[in-house]
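Q: Following this message is one structure expressed as structure tokens.
In the working numbering, the protein residues as written are 351 to 692.
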């Protein structure tokens, strides 16, 4: 990628109060001190000298408010001492072993002691024996941090060496590394493979493949942190297992409860069915008794009618017998009277 920049529009702004970047953590206003082939020098109202890479510069603004805020601040004539170099890479080499700040803010911003400058990356010690390897291509700005004593980084930690960033990554193979520390794309794990265009990391059961073009910085993961991560992972796994056990027990208890409810429902239904059957049988018995009563009543009525008819027949026979007796009596009287006459 060609990083040569057209700086002709910046040359006339030397000595003026300008704001670099419209917004964001890199946005600063100050006096433009110098313009080089691939970087410029800005002096802020706080007497801070910042070196901006032109490759990342998006805008340059002149604002009367910024000029008013710069009143009674040191002028360009009073600020003459700052590190000079023909290009940004040489500037980094001149600042070797100093305490520097990379970028103005954001997740990738770091401060520490510059330990080494390679062809396309730098090595800085950020404290607590942590070493971060930055690709120069992604550095937006640097400044010397004079407020921090070099004694803060008096320990000189060892670090992995490589002719360039690609070789450095190859030398980190099978190491626990952290990619793009601090940002949303921060990834860590064991570096198991390194090709020309991507890296392969393994973290627990996850396999990450990361494009090397988007790697801004890399660092070795401390063993203690790795143990803490493993401990956290183990605790997380235990919690997951405990959760699964709780869910399994809850499911079993739920199944038992459901089974009991179903059994109770079956028992209730059986009892209800038996009750209905008993009621039906009782109803049938009542209906039968009622019908039987009706039949008995009919039989009794029939018997009464039969008895009445029988009495009527007997009465008729008795009457006929009486009539016969009377008739016989009359006949005898007539016969007797006839005999007497003769």
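No residue lacks a Cβ here, since even glycine has one placed at the ideal position from N, Cα and C.
Might you give, ordered along the chain, the residues of its own chain that have their beta carbon closer than 6 Å to the beta carbon of residue 578, omitting 5 neighbours on each side?
A: No answer about residue 578 holds up, because its pLDDT of 49 lies below 50 and its placement is not dependable.
Q: Got a sec, what are the start and stop residues for the beta strand (DSSP E) residue 475 sits in?
A: 471-477
Q: Less than 8 Å separating the beta-carbons of residue 403 and residue 438?
A: yes
Q: Report the start-end ranges of each beta strand (DSSP E) in the segment 498-577 that is 3 residues or longer and not cut off at the edges.
A: 526-529, 537-544, 548-553, 556-561 and 567-570
Q: Would you mind reading off the limits of the alpha helix (DSSP H) that contains residue 443?
A: 438-444
Q: Measure the alpha-carbon distance for residue 720 versus residue 544 and round it to whole angstroms.
A: This structure leaves residue 720 out entirely; the chain is present only between 351 and 692.
Q: Once DSSP output is grouped into helix, strand and coil, what is the label at residue 366?
A: coil
Q: Compare the C-beta of residue 523 against all C-beta atoms of chain D and say whether one is closer than 8 Å.
A: Absent here is chain D; the protein component of the structure consists of one chain.
Q: Closer than 8 Å is the cut-off here; do at least three beta carbon pairs connect the segment 509-519 with the segment 445-452?
A: no
Q: If you draw a straight line from the alpha carbon of residue 672 to that of residue 662, how long is it in whole angstroms?
A: 15 Å
Q: Label residue 396 either buried or exposed according to how many other C-beta atoms from any shown protein chain fall within 10 Å of its C-beta, with 16 as the threshold for buried.
A: exposed
Q: CB residue 548 to CB residue 566, shorter than 8 Å?
A: no
Q: Within the same chain, show all residues whose beta-carbon is closer than 7 Å to that of residue 446, passing over the 5 residues directly before and after it, in chain order.
A: These residues qualify, in order along the chain: 464 and 467.
Q: In whole angstroms, what separates the C-alpha of residue 364 from that of residue 376?
A: 20 Å
Q: Alpha carbon to alpha carbon, how far is residue 399 from residue 474?
A: 19 Å
Q: Measure from the alpha carbon of residue 568 to the alpha carbon of each residue in 530, 506, 359 and 546, then state which is nearest.
A: 530
Q: Buried or exposed for residue 408, going by 16 or more other Cβ atoms inside 10 Å?
A: exposed
Q: One question on the structure: do residue 385 and residue 412 come within less than 8 Å of each other, judged by their Cβ atoms?
A: no
Q: Helix, strand or coil: which one does DSSP assign to residue 480?
A: strand
Q: In this structure, does DSSP put residue 486 in helix, strand or coil?
A: helix
Q: Which same chain residues, not among the five before or five after residue 550, have their C-beta less than 6 Å away from its C-beta?
A: Excluding sequence neighbours, residue 550 sits near 542, 543 and 559.
Q: I need the boundaries of the beta strand (DSSP E) containing residue 360, first residue and last residue.
A: No beta strand (DSSP E) holds residue 360; DSSP gives it neither H nor E.
Q: Between which two residues does the beta strand (DSSP E) containing residue 389 stretch?
A: 389-394
Q: Going by CA-CA distance only, name the one from 383, 537 and 462 that's closest to residue 495.
A: 462
Q: If you run the structure through DSSP and keep just helix, strand and coil, what is residue 413?
A: Residue 413: coil per DSSP, three-state reduction.
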